[in-house]
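Undergrad: Pasting a structure here, questions to come.
2 protein chains.
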Amino acid sequence: MAIGIKITLNEKLYLRDPQGTELGCSIIKHSILLIDEIGFEAFNFKKLAAKMASTEASIYRYFKNKHLLLIYLVSWYWEWISYLIDLNTMNIGDPERRLRIIIETLVHATRENPAIAYVNESILHRIVIAEGSKAYHTKMIDSENNKGFFLTYKALNQKVAEAILAVNANFTYPNALASNLLEMANNHIYFALHLPRLTNVTVASGEDYSDIIQMLEYFSFKLLEK
Amino acid sequence: MAIGIKITLNEKLYLRDPQGTELGCSIIKHSILLIDEIGFEAFNFKKLAAKMASTEASIYRYFKNKHLLLIYLVSWYWEWISYLIDLNTMNIGDPERRLRIIIETLVHATRENPAIAYVNESILHRIVIAEGSKAYHTKMIDSENNKGFFLTYKALNQKVAEAILAVNANFTYPNALASNLLEMANNHIYFALHLPRLTNVTVASGEDYSDIIQMLEYFSFKLLEK
DNA sequence: TTTGGTAGAATAGTATCACTATCATTTAAC
DNA sequence: GTTAAATGATAGTGATACTATTCTACCAAA
Chain L
595 MAIGIKITLN EKLYLRDPQG TELGCSIIKH SILLIDEIGF EAFNFKKLAA
645 KMASTEASIY RYFKNKHLLL IYLVSWYWEW ISYLIDLNTM NIGDPERRLR
695 IIIETLVHAT RENPAIAYVN ESILHRIVIA EGSKAYHTKM IDSENNKGFF
745 LTYKALNQKV AEAILAVNAN FTYPNALASN LLEMANNHIY FALHLPRLTN
795 VTVASGEDYS DIIQMLEYFS FKLLEK
Chain C
595 MAIGIKITLN EKLYLRDPQG TELGCSIIKH SILLIDEIGF EAFNFKKLAA
645 KMASTEASIY RYFKNKHLLL IYLVSWYWEW ISYLIDLNTM NIGDPERRLR
695 IIIETLVHAT RENPAIAYVN ESILHRIVIA EGSKAYHTKM IDSENNKGFF
745 LTYKALNQKV AEAILAVNAN FTYPNALASN LLEMANNHIY FALHLPRLTN
795 VTVASGEDYS DIIQMLEYFS FKLLEK
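Just so you know, the protein sequences line up as chains L and C, in that order. Going by our numbering, the first sequence opens with residue 595, and the numbers climb by one from there. Going by our numbering, the second sequence opens with residue 595, and the numbers climb by one from there.
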């Protein structure tokens, strides 16, 4: 499984390709662990350097700042989801089944076998849930968008939108429903864990997301009814 | 209109009630303007002090830090929306009409006459759209939630959920749909302005949100169909 | 009129943050 | 074995996120 997959990301996100060197991979690995541990606000390159027994200056040779590192990690996640969707929907002709599989993949991607040694996908998922929206809620959104920092997310959104249209070609809001599914898949995990009154689903025993899948399927297919 | 309304917020959000003094009101007023201008990341109490011709230390007597100030402002916004919903749905018996009015209020609250001199509601709305999610995406979420920092948001969500149940008492996900409406109302304004491929609505001429209202009504009533 | 309390201003100080610069050392490539 | 690239070690800078102390102006009770 996952032989030879390589996540390709916008080159402008980094100064030196972290996936190309040992230190780079170590940055990816440990930044995921550290952000999950202390949160993105408290996270910085000095602490990261200490954790991975390297130096601040070395990390700065790979990433311009922690904000771009976050965008990198989040993009990595969405690119990986995109890959899993392609894999899981390959040869599935029925549009409804395709959409069901997409929803399932969005929600518990972490059930899949790990694809790459230096990325703990399950922890990365937690980061995307908790910190993901900070990647694009910034004053620099327009200039960053122009540089193509969010292409990965938009491409994934487009993929989901197409699957939605395949179920019902007359649906007026395919892109909006797609982004809504992406957002809800993560938000309602967060709500279930931290603000349970904002949802009606529960996350049993750590990682049982079946409630959420059921809800997203209900929402999607009800909206797409002809 | 809006005579005598006073937005009451959790006392733990501030050190001294800003609505009680001139300097406090000035902090609210200018922090809204400055966050909108430079974004929450670049915003700090020193710059705020300079802008309002006061001192850093004085501002620190009102708010422990900028994070709590953000929660304060966001809570203020949701409390205000809550008030507007009560006002606008008063004496409206028909559940469907009530829900339509709620959606409309959520989306273009800023059309209302301004309620309080030192708060520019329209600019505050922009802040909630762009920075609002940062209020509850933090490592301290559970302890802050225990202190009741998000009661305002949860109460509003409950209000919307009840209006949803009034339309269809058998609907399984009233709280989830409510939080989804609150999120979408803001997210899709943001998307339309900055990441248009993530939605199918447009925001014409600055503040024409009729597309979004139409979409939210479509989503809601389709989901609530019996 | 005094006294005391409160609001705010002025100023200074500290630890951390977000980098940048320089130079030495290791490693890998030819 | 030489050379260039990658990394480490160390230092420095200006900004950030506060905290502390002192001073002044004003209002209100005694």
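Don't be surprised by glycine CBs; every beta carbon is placed ideally from N, CA and C. Small disclaimer: the values here were computed from a predicted structure and weren't measured.
(1) Starting from the beta carbon of residue 796 of chain L, find every residue of chain C whose beta carbon is closer than 8 Å, and list them in chain order.
(2) May I have the straight-line CA-CA distance separating residue 738 of chain C from residue 783 of chain L, to the nearest angstrom?
(3) What span of residues does the alpha helix (DSSP H) with residue 657 of chain L cover, start to end?
(4) For chain L, find out if any of its Cβ atoms is closer than 8 Å to the Cβ of residue 596 of chain C; answer yes or no.
(5) Does the count of Cβ pairs from the region 738 to 751 of chain L and the region 769 to 777 of chain L closer than 8 Å reach three?
(6) Taking residue 763 of chain L as the query, report the chain C residues whose CB atoms sit under 7 Å from its CB, ordered along the chain.
(7) Which residues in the same chain have their Cβ closer than 6 Å to the Cβ of residue 701 of chain L, if we skip the five residues on either side of it in sequence?
(8) Is DSSP giving residue 611 of chain C helix, strand or coil here?
(9) With a cut-off of 8 Å on the beta carbons, I'd call residue 907 of chain C and residue 694 of chain C a contact; round off their distance for me.
(10) Is the number of C-beta pairs between the region 726 to 742 of chain C and the region 717 to 737 of chain L that are closer than 8 Å three or more?
(11) Please classify residue 630 of chain L as buried or exposed, where buried requires at least 16 other C-beta atoms within 10 Å of its C-beta.
(12) Would the region 679 to 691 of chain C count as touching the region 637 to 656 of chain C if we require 3 or more Cβ pairs under 8 Å?
(13) Name the chain C residues whose beta carbon is nearer than 8 Å to that of residue 777 of chain L?
(14) Just verifying my parser: in three-state terms, what is the DSSP assignment at residue 596 of chain L?
(15) With DSSP as the reference, label residue 770 of chain L as helix, strand or coil.
(16) Please list, in chain order, the residues of the region 624 to 635 of chain C that have any C-beta partner in chain L closer than 8 Å.
(17) With a Cβ-Cβ cutoff of 8 Å, do residue 769 of chain C and residue 820 of chain C count as a contact?
(18) Quick check for students: name the residue ranges of the beta strand (DSSP E) that lie wholly in the region 626 to 681 of chain L, counting only runs of 3 or more.
(19) Is the beta carbon of residue 722 of chain C sitting closer than 8 Å to the one on residue 797 of chain C?
(20) Determine, using beta carbons only, whether residue 809 of chain L comes closer than 8 Å to chain C.
(21) Taking buried to mean at least 16 other C-beta atoms within 10 Å of its own C-beta, is residue 684 of chain C buried or exposed?
TA: Inspection of the coordinates gives the following:
(1) For the purposes of this step, residue 796 of chain L is taken as residue 202 along the first sequence, with counting starting at 1. Result: empty, since nearest Cβ-Cβ is about 11 Å, beyond 8 Å.
(2) Here residue 738 of chain C refers to the residue found at position 144 of the second sequence. Here residue 783 of chain L refers to the residue found at position 189 of the first sequence. Distance between the alpha carbons of residue 738 of chain C and residue 783 of chain L is about 18 Å.
(3) Translated into the one-based positions of the first sequence, residue 657 of chain L becomes position 63. Per DSSP, residue 657 of chain L belongs to no alpha helix (DSSP H) and is neither H nor E.
(4) As a position in the second sequence, residue 596 of chain C is number 2, starting the count at 1. Confidence at residue 596 of chain C is low in this model, with a pLDDT of 39, below 50, so its placement is unreliable and the value that follows should be read with caution. Not an interface residue.
(5) Three or more beta-carbon pairs drawn from the region 738 to 751 of chain L and the region 769 to 777 of chain L are found closer than 8 Å, and the two stretches are therefore classed as touching.
(6) If you number the first sequence from 1, residue 763 of chain L lands on position 169. By Cβ distance, chain C contributes nothing, its closest Cβ being about 14 Å from residue 763 of chain L, past 7 Å.
(7) Your numbering for residue 701 of chain L matches position 107 in the first sequence. For residue 701 of chain L, where only same-chain residues beyond five positions count, the Cβ hits under 6 Å are 779, 803, 806, 807.
(8) Position 17 of the second sequence, counting from 1, holds the residue named residue 611 of chain C. Three-state result, residue 611 of chain C: coil.
(9) Past the boundaries of the shown model lies residue 907 of chain C; chain C is included only from 595 to 820, so the question cannot be answered.
(10) yes
(11) By 1-based counting over the first sequence, the position of residue 630 of chain L is 36. Per the 10 Å Cβ criterion, buried.
(12) no
(13) As a position in the first sequence, residue 777 of chain L is number 183, starting the count at 1. Under the 8 Å cutoff, chain C gives 777, 781.
(14) To locate residue 596 of chain L, count along the first sequence from 1; it is residue 2. The predicted model places residue 596 of chain L with a pLDDT of 40, which falls under 50 and marks its position as unreliable, so this point remains unresolved.
(15) The sequence position of residue 770 of chain L within the first sequence is 176, counting from 1. In the structure shown, residue 770 of chain L sits in a helix (DSSP, three-state: H, G or I).
(16) 632, 633, 635
(17) Sequence index remark: in the second sequence, residue 769 of chain C carries index 175 (1-based). Sequence index remark: in the second sequence, residue 820 of chain C carries index 226 (1-based). Not closer than 8 Å, so no.
(18) none
(19) The residue labelled residue 722 of chain C in the question sits at position 128 within the second sequence. The residue labelled residue 797 of chain C in the question sits at position 203 within the second sequence. No; because the gap between Cβ atoms is not below 8 Å, this pair is not in contact.
(20) Reading the first sequence from its first residue, position 215 is the one you call residue 809 of chain L. True, the Cβ-Cβ gap to chain C drops below 8 Å.
(21) Numbered from its first residue, the second sequence carries residue 684 of chain C at position 90. Burial call: exposed.
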